[in-house]
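*Asks:*
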Amino acid sequence: MFMNMPVTICGAGSIEDATVARCPVCNTPGKKVRPKTVENIVKEAMLPIVLEGYHLCLSKNCDVVYFGHQIFGKNDVRVRVWFKEAEHPIPVCYCKNVTEKDIVNHIAIWGCCKDIKDIQKHTGANTGKECLTKNPAGT
Ligand SMILES: [Zn+2]
Ligand SMILES: [Zn+2]
Numbered sequence: 307m308f309m310n311m312p313v314t315i316c317g318a319g320s321i322e323d324a325t326v327a328r329c330p331v332c333n334t335p336g337k338k339v340r341p342k343t344v345e346n347i348v349k350e351a352m353l354p355i356v357l358e359g360y361h362l363c364l365s366k367n368c369d370v371v372y373f374g375h376q377i378f379g380k381n382d383v384r385v386r387v388w389f390k391e392a393e394h395p396i397p398v399c400y401c402k403n404v405t406e407k408d409i410v411n412h413i414a415i416w417g418c419c420k421d422i423k424d425i426q427k428h429t430g431a432n433t434g435k436e437c438l439t440k441n442p443a444g445t
């Protein structure tokens, strides 16, 4: 419904810097993620000893989130990966914990916001500085 609004997903800007590493399950090129991101996004009990060398699977349809020495699926991580989810709540900003539904509420239901600028002001979406540790893409 509001999909033609220029919603910038926090961290999605750098999603194009895909590398040659491909997901072993779906064969889609992955985006390299930093050890710090893996450390914070993967559930504590699942954490690998070596945090280096992981990539985020960029396929919408693949259940793999990170691949490297090990594979981490959706159930192995603490957050929902926005581009792998079709059902609410779909995160839009991980730093400020804003979902797509929140944006619809602000604009269509509550009417307190008119555009994405208002949303940014009102919710703090995309103004956070914690992407490295809260956004599964790490940026
Ligand atoms: Zn995959
Ligand atoms: Zn609002």
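Residue numbers (our numbering): 307 to 445.
A virtual CB, placed ideally from N, CA and C, is assigned to each residue, including glycine.
Who are the near neighbours of residue 357 in its chain, counting only those whose CB is closer than 7 Å to its CB and skipping five residues on each side?
*Replies:* As a first step, residue 357 is located in the sequence shown; it is residue number 51 there, counting from the start. Cβ within range, chain order: 341, 344 and 345.
*Asks:* Consider the C-beta atom of residue 399 and the heavy atoms of ligand 2; say whether any pair is separated by less than 7 Å.
*Replies:* On the sequence shown, residue 399 is found 93 positions in, with the first residue counted as 1. Every heavy atom of ligand 2 is 7 Å or more from the Cβ of residue 399, so no.
*Asks:* Below 7 Å CB to CB, which residues in the same chain sit around residue 329 once its five sequence neighbours on both sides are set aside?
*Replies:* Translated into the one-based positions of the sequence shown, residue 329 becomes position 23. Within the same chain, residue 329 has close Cβ partners 336, 363, 365, 368, 370 and 373.
*Asks:* If you reduce the DSSP assignment to three classes, tell me which class residue 337 lands in.
*Replies:* The sequence position of residue 337 within the sequence shown is 31, counting from 1. DSSP places residue 337 within a strand segment (E or B) once states are collapsed to three.
*Asks:* With residue 428 as the anchor, note down where its alpha helix (DSSP H) starts and where it stops.
*Replies:* Here residue 428 is taken as the residue at index 122 of the sequence shown, counted from 1. 422-429 is the extent of the alpha helix (DSSP H) around residue 428.
*Asks:* When you compare each of 400, 411, 410 and 432 to residue 388 by their alpha carbons, which one comes out closest?
*Replies:* For the purposes of this step, residue 388 is identified with residue 82 of the sequence shown, where counting begins at 1. Closest option to residue 388, Cα to Cα, is 400.
*Asks:* Considering only the beta carbon of each residue, do residue 394 and residue 402 sit closer than 8 Å?
*Replies:* If you number the sequence shown from 1, residue 394 lands on position 88. If you number the sequence shown from 1, residue 402 lands on position 96. For residue 394 and residue 402, no; Cβs fall outside 8 Å.
*Asks:* Whose C-beta lies closer than 6 Å to the C-beta of residue 430 among residues of the same chain, with five residues either side of it excluded?
*Replies:* Stepping through the sequence shown from its first residue, residue 430 is reached at position 124. Here the set comprises 402.
*Asks:* State the CB to CB distance for the pair residue 413 and residue 420, rounded to an integer number of angstroms; the pair is presumed to be in contact (CB under 8 Å).
*Replies:* Here residue 413 is taken as the residue at index 107 of the sequence shown, counted from 1. Here residue 420 is taken as the residue at index 114 of the sequence shown, counted from 1. That belief holds up - the Cβ atoms of residue 413 and residue 420 are roughly 7 Å apart, short of 8 Å.
*Asks:* Pick from 377, 355 and 347: whose alpha carbon is nearest that of residue 331?
*Replies:* Walking along the sequence shown from the start, residue 331 turns up at place 25. Relative to residue 331, the option among 377, 355 and 347 whose CA is nearest is 377.
*Asks:* Does DSSP classify residue 353 as helix, strand or coil?
*Replies:* On the sequence shown, residue 353 is found 47 positions in, with the first residue counted as 1. Coil, per DSSP.
*Asks:* Should residue 437 be labelled buried (16 or more other beta-carbon atoms within 10 Å of its own) or exposed?
*Replies:* Along the sequence shown, read from residue 1 onward, the residue named residue 437 stands at position 131. With 16 or more other Cβ atoms within 10 Å, it is buried.
*Asks:* Of all the CB atoms in chain B, is at least one closer than 8 Å to the CB of residue 377?
*Replies:* Going by chain labels, chain B is absent from the structure shown, which holds only one protein chain.
*Asks:* Using the beta-carbon of each residue, find all residues closer than 5 Å to any heavy atom of ligand 2 and list them in chain order.
*Replies:* Every residue passing the under-5 Å Cβ criterion appears here: 412, 418, 419 and 428.
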